[in-house]
Amino acid sequence: MPPHQPPSIKLWTNTTHFSEWAIGDDASLPVELSTFTATTSNNNIILNWRTESEVNNIGFALYRREDKEGNYTKVAFVNGAGNSAIPNEYQFTDEKTEAGKTYFYYLEDIDIAGSKSKSEIIQVVVPPAQPVPNEFRLLQNFPNPFNPETWIPYELANPAEVTIRIYNLKRQLIRTINLGHQKAGFYINKDRAAHWNGRTQTGEPASSGLYFYTIQADNFIATKQMILVK
Numbered sequence: 003m004p005p006h007q008p009p010s011i012k013l014w015t016n017t018t019h020f021s022e023w024a025i026g027d028d029a030s031l032p033v034e035l036s037t038f039t040a041t042t043s044n045n046n047i048i049l050n051w052r053t054e055s056e057v058n059n060i061g062f063a064l065y066r067r068e069d070k071e072g073n074y075t076k077v078a079f080v081n082g083a084g085n086s087a088i089p090n091e092y093q094f095t096d097e098k099t100e101a102g103k104t105y106f107y108y109l110e111d112i113d114i115a116g117s118k119s120k121s122e123i124i125q126v127v128v129p130p131a132q133p134v135p136n137e138f139r140l141l142q143n144f145p146n147p148f149n150p151e152t153w154i155p156y157e158l159a160n161p162a163e164v165t166i167r168i169y170n171l172k173r174q175l176i177r178t179i180n181l182g183h184q185k186a187g188f189y190i191n192k193d194r195a196a197h198w199n200g201r202t203q204t205g206e207p208a209s210s211g212l213y214f215y216t217i218q219a220d221n222f223i224a225t226k227q228m229i230l231v232k
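Residue numbers (my numbering): 3 to 232.
Below is the structure:
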């Protein structure tokens with residue numbers, strides 16, 4: 003393939019109607035399938051495959067089953083490149099999946115004569131659904147008292163834009179921590195809670211004393227106290 007010519011990419015999602023094709027023999031087809039992989043994202047399964055070349059290729063039927071002993075059903079048909087001497091990349095997003103389940107997939111490519119060839123079977127597990135809090139909550143920072151850093155835990159009942167603001171005893175804003183858009187969930191451990199390194203917005207170490215920290219998660223606002231000791 004010339005270095006300046008990138009592979010083409012075709013993107014598809016679940017639809018309710020798929021093309022039909024003629025039934026042919028099982029002779030090998032001149033389609034060189036180099037990769038066929040699956041990943042998960044937000045309870046969806048994203049399937050990607052790549053061909054290095056295609057000859058008289060109508061397209062690919064994608065089959066799925068939900069357990070090792072079940073029957074495969076067709077979930078998609080994706081048009082092929084016909085005749086192509088360059089790599090082609092394909093992607094299909096299976097949105098009709100459930101958290102905690104295991105799915106098996108294989109591809110079947112079809113040529114203009116109706117001949118078909120199957121790929122190897124791949125397996126993917128959709129992660130179990132994570133528990134979601136019933137309400138928004140701001141929790142006590144830890145450690146407290148602290149020196150020089152602390153973590154601020156919280157819980158989000160819904161996805162939200164999250165900001166932590168820290169004020170001194172005079173209620174002057176000394177630090178803003180923008181956490182951006184976050185999913186619903188428990189942000190209570192060090193790897194997920196908001197972190198304050200004990201410094202002001204200008205990078206100066208904050209002095210010892212009582213501080214207030216406030217969370218704003220969309221319309222939810224709450225405040226607690228913490229103590230910095232040096």
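From the three backbone atoms N, C-alpha and C, an ideal C-beta is built for every residue, glycine too. Computed from a prediction, not measured in an experiment: that's the story for all the values here.
Residues TYR156, ILE217, ALA224 and LYS226 of the same chain have their beta carbon placed closer than 7 Å to that of LEU140, with the five preceding and five following residues left out of the count. Between GLN93 and ILE60, the beta carbon gap of about 18 Å keeps them out of contact (Cβ cut-off 8 Å). Taking C-alpha positions only, GLU163 is separated from TYR215 by approximately 17 Å. With contacts defined as CB atoms closer than 8 Å, ASP111 and GLY82 qualify as a contacting pair.
A straight line joining the alpha-carbon of ASN73 with that of PRO135 spans about 37 Å. LYS103 and ALA195 have their C-alpha atoms some 29 Å from each other.
With at least 16 other beta carbons inside 10 angstroms of its own, ILE166 counts as buried. Ranked by Cα distance from SER43, the options VAL126, PRO133 and GLY116 are led by VAL126. The residue among GLN142, GLY182, SER117 and ILE190 with its C-alpha nearest the C-alpha of VAL57 is SER117. Restricted to the segment 152-204, the beta strand (DSSP E) segments that are unbroken, complete and at least 3 residues in length are 152-154, 156-158, 162-169, 175-184, 187-189 and 196-198, listed in chain order.
Every beta strand (DSSP E) of 3 residues or more that sits fully in the segment 46-96 is shown, in chain order, as 46-67, 75-86 and 90-96. Contact check for LEU64 and TYR107: beta-carbon distance about 6 Å, within the 8 Å limit, so the pair qualifies.
Assignment of PHE138 by DSSP, reduced to helix, strand and coil, places it in the coil class. Judged by DSSP in its simplified three-state form, VAL128 adopts coil rather than helix or strand. Residue state for PRO207 is assigned as strand, using DSSP reduced to three classes. Taking the Cα of GLN203 as reference, the smallest distance to any Cα among GLU100, ASN170, THR99 and GLY182 is reached at ASN170.
In the three-state reduction of the DSSP assignment, ALA224 falls in the strand class, which pools E and B. The beta-carbon distance between ARG52 and GLU91, rounded to whole angstroms, is 5 Å. This is short enough to meet the 8 Å contact definition. Secondary structure at THR39: strand, using DSSP grouped into helix, strand and coil.
With respect to MET228, ASN146 sits close: the two C-beta atoms are nearer than 8 Å. The beta carbons of ILE179 and TRP198 sit closer together than 8 Å. Looking at the DSSP output, LYS118 bridges to ILE112. ALA101 is not bridged by DSSP to any residue.
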